Amino acid sequence: MKTILLKAKIVLRWVLSAALILAVLLLLAVEILDRYTATEKGTQWLYRNVSQQPKLIKKTASGIRYLSIGDPGKQALVLIHGAPGSNFDWLSFAKRDRIYDQYRLLIVDRPGYGGTKPRKPEKSIRIQSERMLEVLSEEREPAVVMGHSYGGPISVVMAALDSTKIERVIAVSGQYDPDNEIIFKASYFVNFQIFRFLLPRMLWSSNVEKLSHQDALREVVPLYGMVQVPISVIHGDADSLVPFENSPFLMTHLSQNKAARFVHLKGYDHPLQMQEVDYLVDFALNPDLAPLPEKTKE
Numbered sequence: 001m002k003t004i005l006l007k008a009k010i011v012l013r014w015v016l017s018a019a020l021i022l023a024v025l026l027l028l029a030v031e032i033l034d035r036y037t038a039t040e041k042g043t044q045w046l047y048r049n050v051s052q053q054p055k056l057i058k059k060t061a062s063g064i065r066y067l068s069i070g071d072p073g074k075q076a077l078v079l080i081h082g083a084p085g086s087n088f089d090w091l092s093f094a095k096r097d098r099i100y101d102q103y104r105l106l107i108v109d110r111p112g113y114g115g116t117k118p119r120k121p122e123k124s125i126r127i128q129s130e131r132m133l134e135v136l137s138e139e140r141e142p143a144v145v146m147g148h149s150y151g152g153p154i155s156v157v158m159a160a161l162d163s164t165k166i167e168r169v170i171a172v173s174g175q176y177d178p179d180n181e182i183i184f185k186a187s188y189f190v191n192f193q194i195f196r197f198l199l200p201r202m203l204w205s206s207n208v209e210k211l212s213h214q215d216a217l218r219e220v221v222p223l224y225g226m227v228q229v230p231i232s233v234i235h236g237d238a239d240s241l242v243p244f245e246n247s248p249f250l251m252t253h254l255s256q257n258k259a260a261r262f263v264h265l266k267g268y269d270h271p272l273q274m275q276e277v278d279y280l281v282d283f284a285l286n287p288d289l290a291p292l293p294e295k296t297k298e
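All letters in the sequence shown, in the order written, are residues 1 to 298 by the numbering used here.
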């Protein structure tokens, strides 16, 4: 019996060691890929199979980096990723060639992510929104802005701060209510400075944002009612990361906006920008598009 227990302990030790090594290698791979795609060469490589449309990497005066794809004469469609996230989030979206019939894509690296500088997390949603607006400073006509998850409230606040730069907002799977948020216990565990050097930068930035999200949202909730441009709020009621009730919460603050529309997707989860790409592309082209058919559990 002692021999069996000893062998079991040895096997368990090897399994745990292998799992730890694999976890370290995975985190290292994420950091290497993120660093590479944050460079101009890496971004060009990532989007190498995307359309033959003109591609140009730009930076604002404050350091916001973004990828422009499409005819410079077309209206801009700004795509804002969540947390964690990167320009990879919108790769499938950018591969749908029909989007370029109407738009030029501006795929943005939020503060704390990708090639945007300074390379540190920004806790304030308002400041992030102000910096996102810099991307539109040279646009000749108002843009359409689509934000997913953490990018949802940013897209809403952008419109509240400067409606002259934005024609329409599409807020997808967003977190808007500071009192209705899922925070995993692991977020508190990794909130020590040592993890700043152990975790991939995108994960550290995401965790900093997550733990300051409630205060950041409380600061901008009063701005929701200032949005007067057309806005579509899209959310799946099977969202496992951002409670579905967040979008009805936002809609109550948009009650004076006659051009606000709530699109309830029954049975759909959080990563719509990856799982329902064609629907979001078609929605950007047609704001009157009907909701997707109800998705039943398999």
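The C-beta atom is built at its ideal place from N, Cα and C for all residues, glycine as well.
None of the values given here were measured: they were computed from a predicted structure.
In the DSSP assignment, the beta strand (DSSP E) including residue i goes from what residue to what residue?
i    : result
H264 : 260–265
Y66  : 65–69
V144 : 143–148
Q75  : 75–80
Report all residues from its chain with a CB closer than 7 Å to the CB of residue i; omit the five preceding and five following residues, and keep chain order.
i    : result
A320 : Since the first residue shown for the chain is 1 and the last is 298, residue 320 is missing from the structure and cannot be characterised.
S240 : D269, H270
G63  : T116, K117, P118
K120 : G112
I183 : K210
Name the two residues that bound the continuous alpha helix (DSSP H) containing residue i.
i    : result
L133 : 125–133
Q44  : 40–46
L91  : 91–94
Y188 : 185–189
L254 : Run containing L254: none; DSSP gives neither H nor E here.
V50  : First-last for V50: undefined, no H or E at that position.
V172 : First-last for V172: 166–172, but that is the beta strand (DSSP E), not the alpha helix (DSSP H).
L279 : It is worth fixing the name first, because residue 279 is Tyr in this sequence and not Leu. Element bounds for Y279: 277–285.
CB-CB under 8 Å to residue i, same chain, minus the five flanking residues each way: which ones, in chain order?
i    : result
T296 : G267
A290 : none
Y279 : L272, L289, L292
T39  : G115
R98  : V281, L285
L133 : M158, L161, D162, K165
K123 : V208, E209, S212, D215, A216
E219 : S124, I125, R126
Please name the residue or residues paired with residue i in a DSSP beta bridge.
i    : result
V157 : DSSP output for V157 lists no bridge partner at all.
V242 : Answer by DSSP bridge pairing: none, since V242 is not bridged.
H235 : H264
R104 : A76
I57  : L67
Tell me which residues share the same chain as residue i and place their Cβ nearer than 6 Å to its Cβ, disregarding the 5 neighbours each side in the sequence.
i    : result
K59  : R65
G82  : H148, S149, Y150, G151
E245 : N180
A76  : R104, L106, E139, A143
A159 : I166, V169, V227, V229
S247 : V233, H235
P178 : Q214, L217, R218
G42  : Y36
G225 : H253
E31  : P200
Fill in: Three or more C-beta pairs below 8 Å linking the stretch 98–107 and the stretch 69–76
They touch, by the three-pair rule.
Worksheet item: Hey, which unbroken runs of the alpha helix (DSSP H) at 4 residues or more fall wholly within the stretch 195–232?
Response: Entirely contained in the stretch 195–232, the alpha helix (DSSP H) runs reaching 4 residues are, in chain order, 201–224.
Worksheet item: Do the stretch 254–266 and the stretch 183–194 meet, that is, are 3 or more Cβ pairs less than 8 Å apart?
Response: Flag = no, the stretch 254–266 and the stretch 183–194 do not touch.
Discussion item. So, does the stretch 121–140 touch the stretch 149–167, judging by three or more C-beta pairs under 8 Å?
Written reply: The stretch 121–140 is in contact with the stretch 149–167.
Worksheet item: Is it true that the stretch 137–151 meets the stretch 111–119, where meeting means three or more beta-carbon pairs spaced less than 8 Å apart?
Response: No: fewer than three Cβ pairs fall under 8 Å.
Fill in: Cβ contact (3+ pairs, closer than 8 Å) linking the stretch 156–174 and the stretch 89–101
As far as the Cβ criterion goes, the stretch 156–174 does not touch the stretch 89–101, which means the pair count is below three.
Worksheet item: Given 8 Å as the limit, is there contact between the stretch 269–278 and the stretch 207–218, that is, 3 or more CB pairs closer than that?
Response: Not touching, per the Cβ criterion.
Discussion item. With three or more beta-carbon pairs closer than 8 Å as the criterion, would you say the stretch 226–243 touches the stretch 272–289?
Written reply: Counting Cβ pairs under 8 Å, three or more are found: they touch.
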